[in-house]
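Note sheet for the following structure.
In this note's numbering, the protein residues as written are 1 to 202.
Printed below as a string of structure tokens:
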């Protein structure tokens with residue numbers, strides 16, 4: 001499903017990734033733990049080319065990540081990502097944040113995209129927030145919208161980059177519960193986190 005072989009990444013004179021090789025099977029959940037600056041986020045950002053690796057091979061679902069723009073587009077359709085910061089569009093409603101990707105990238109009809117978005121909002125436990133804007137939501141609710149938005153692209157793989165680090169302690173559980181449900185559903189997941197409890201549970 002995901003193969004990285006001898007991957008290096010440099011930022012100037014600083015080597016963030018040094019000869020990283022890892023194989024992740026379909027339906028597997030991998031939690032990456034480590035101190036700040038150890039390359040955790042850099043690694044998963046390389047998996048969908050938000051960062052470009054300097055050496056080695058990355059293969060996602062049989063497609064090698066290289067200079068081929070079409071290959072990159074194909075990979076990004078299959079790989080959803082949830083960031084530390086929610087990265088929601090502030091001028092769009094929750095519903096529109098979720099439907100934008102399926103409509104623009106997968107060419108899904110508007111009504112179908114909206115029905116899917118409502119299903120996903122039910123899944124993450126906030127269907128009543130569909131018409132609100134991100135600024136009207138708590139941090140935990142915004143992160144759940146971000147998860148729903150990533151799932152709306154119907155990815156085979158989900159990447160989570162410290163998804164709870166920007167949240168107050170009382171909001172962390174609601175996001176981890178959604179991630180736990182995803183893990184139990186068989187989603188292939190790579191999670192960068194400091195949440196040892198979550199790492200143990202999955």
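Ideal Cβ positions, reconstructed from N, Cα and C, are used throughout, including at glycine.
*asked:* Using C-beta distances below 7 angstroms, list every residue in its chain close to residue 61, excluding the 5 sequence neighbours before and after it, in chain order.
replied: For this step, residue 61 is matched to residue 61 along the chain shown. Counting only residues of its own chain and dropping the five nearest sequence neighbours on each side, residue 61 has a CB closer than 7 angstroms to the CB of 1, 78 and 156.
_Please give me, in chain order, every unbroken run of the alpha helix (DSSP H) with length at least 4 that falls completely inside the region 119-196._
If we require 4 residues or more, the alpha helix (DSSP H) runs fully inside the region 119-196 come out as 139-152 and 169-184.
*Start-end ranges of the alpha helix (DSSP H) lying completely within the region 6-61, minimum 4 residues*: Counting only runs of at least 4 residues, the region 6-61 fully encloses the following alpha helix (DSSP H) elements, listed from N- to C-terminal order: 40-47.
*Would a C-beta distance cut-off of 7 angstroms place residue 161 and residue 192 closer than the cut-off?*
Residue mapping note: residue 161 aligns to position 161 of the chain shown, counting from 1. Residue mapping note: residue 192 aligns to position 192 of the chain shown, counting from 1. Going by C-beta atoms, residue 161 is nearer than 7 angstroms to residue 192.
*Do the region 136-143 and the region 179-191 make contact, defined as three or more Cβ pairs closer than 8 angstroms?*
As far as the Cβ criterion goes, the region 136-143 does not touch the region 179-191, which means the pair count is below three.
*Sort 147, 186, 154 and 194 by Cα distance to residue 175 and report the nearest one.*
To locate residue 175, count along the chain shown from 1; it is residue 175. Nearest Cα to residue 175 within the set 147, 186, 154 and 194: 147.
*C-alpha distance - residue 207 paired with residue 75, whole-angstrom precision*: Residue 207 is absent from the model: the chain starts at 1 and stops at 202.
*Use the C-beta contact count for residue 45: other C-beta atoms within 10 angstroms, 16 or more gives buried, fewer gives exposed.*
For the purposes of this step, residue 45 is taken as residue 45 along the chain shown, with counting starting at 1. Residue 45 sits buried, since 16 or more C-beta atoms from the chains shown fall within 10 Å of its C-beta.
*Consult DSSP for residue 64 and reduce its assignment to one of helix, strand or coil.*
To locate residue 64, count along the chain shown from 1; it is residue 64. Three-state result, residue 64: strand.
_Here's the rule: buried if 16 or more other CB atoms are within 10 angstroms of the residue's CB, otherwise exposed. What is residue 48?_
If you number the chain shown from 1, residue 48 lands on position 48. Burial call: buried.
*What do you get for residue 186, buried or exposed, if any count of 16 or more other CB atoms within 10 angstroms of its CB means buried?*
Within the chain shown, residue 186 is the residue found at index 186, counting from 1. Per the 10 Å Cβ criterion, exposed.
*asked:* For residue 80, list the residues DSSP reports as bridge partners.
replied: Numbered from its first residue, the chain shown carries residue 80 at position 80. Looking at the DSSP assignment, residue 80 forms a beta bridge with 158.
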